[in-house]
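Numbering (the numbering used here), first residue to last: -4 to 172.
Reading through the structure tokens given below for one structure.
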Amino acid sequence: MSMNSILTKVFRPNVTPNFWNQTSWAILRAVVGIMMIHNGLDKLSNIESFAQAYVAYMGLPFPIFLSYVAAFTELIGAPLLIIGLITRPAALGLFATMCVAMYHHVLVAGFSIPYLELSAIYAACFLFFLINGAGLFSSDALITNWLDKSALSAQAKKIMLLEKSFNSAEAPKTVKK
-4 MSMNSILTKV
6 FRPNVTPNFW
16 NQTSWAILRA
26 VVGIMMIHNG
36 LDKLSNIESF
46 AQAYVAYMGL
56 PFPIFLSYVA
66 AFTELIGAPL
76 LIIGLITRPA
86 ALGLFATMCV
96 AMYHHVLVAG
106 FSIPYLELSA
116 IYAACFLFFL
126 INGAGLFSSD
136 ALITNWLDKS
146 ALSAQAKKIM
156 LLEKSFNSAE
166 APKTVKK
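Written as structure tokens, this is what we have:
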């Protein structure tokens, strides 16, 4: 298997050629990415406190180092998710971070929905992008077209279907007499 075909598989999204479907993927990427940047900045604002309250509490080694890993995973992975660039690896890192957060919440409060809900919602979103990729409106889709010229015509057809779908949804309905 060539390096080009491996990279194409990493970047190629699972695609449903529907304008609104792809638009919702892009909006979801932007919203969860922006919120996750906030979480990373929050960790960095007082890394020692975060390390003590979260990482050391779980009994993990090197709490300061792992706190920086979590913060920078969020600060680097979230913008990558927003623009849809190397989305699957970014989503994997963010998903892992949210799994650790859920584990912490279970240790602190048991299976209490109020403590688990936000990190579980984030984890589900990141798992979605880990499995499906970024969608057609992403840097990954552009890279796939560039790497795999045979995919170019298939991708172009999908984009034309999206345009046709969008145009038919926007076209005024005529009433037959």
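Every residue gets a Cβ at the ideal spot worked out from N, C-alpha and C, and that includes glycine.
Classification of Asn162 by the beta-carbon crowding that lies within 10 angstroms, buried from 16 upward: exposed
4-residue-minimum alpha helix (DSSP H) runs that sit fully inside the region 47 to 128, ordered along the chain: 58 to 78, 82 to 104, 108 to 127
Identity of the residue in Phe67, Glu69, Glu43 nearest Phe57 by Cα: Measuring from the Cα of Phe57, the nearest candidate turns out to be Glu43.
Unbroken alpha helix (DSSP H) run spanning Arg24, endpoints: 14 to 40
Ser0 - DSSP class collapsed to helix/strand/coil: helix
Short CB-CB distance (under 9 Å) between Ala91 and chain D: Here there is only one protein chain, and chain D is not present.
Outcome for Trp141 when other beta-carbon atoms lying within 10 angstroms are tallied against a minimum of 16: exposed
Inter-residue spacing [alpha-carbon to alpha-carbon] between Met31 and Glu69: Between Met31 and Glu69, the C-alpha separation is close to 6 Å.
Phe45 - DSSP class collapsed to helix/strand/coil: Phe45 falls in the helix class under three-state DSSP.
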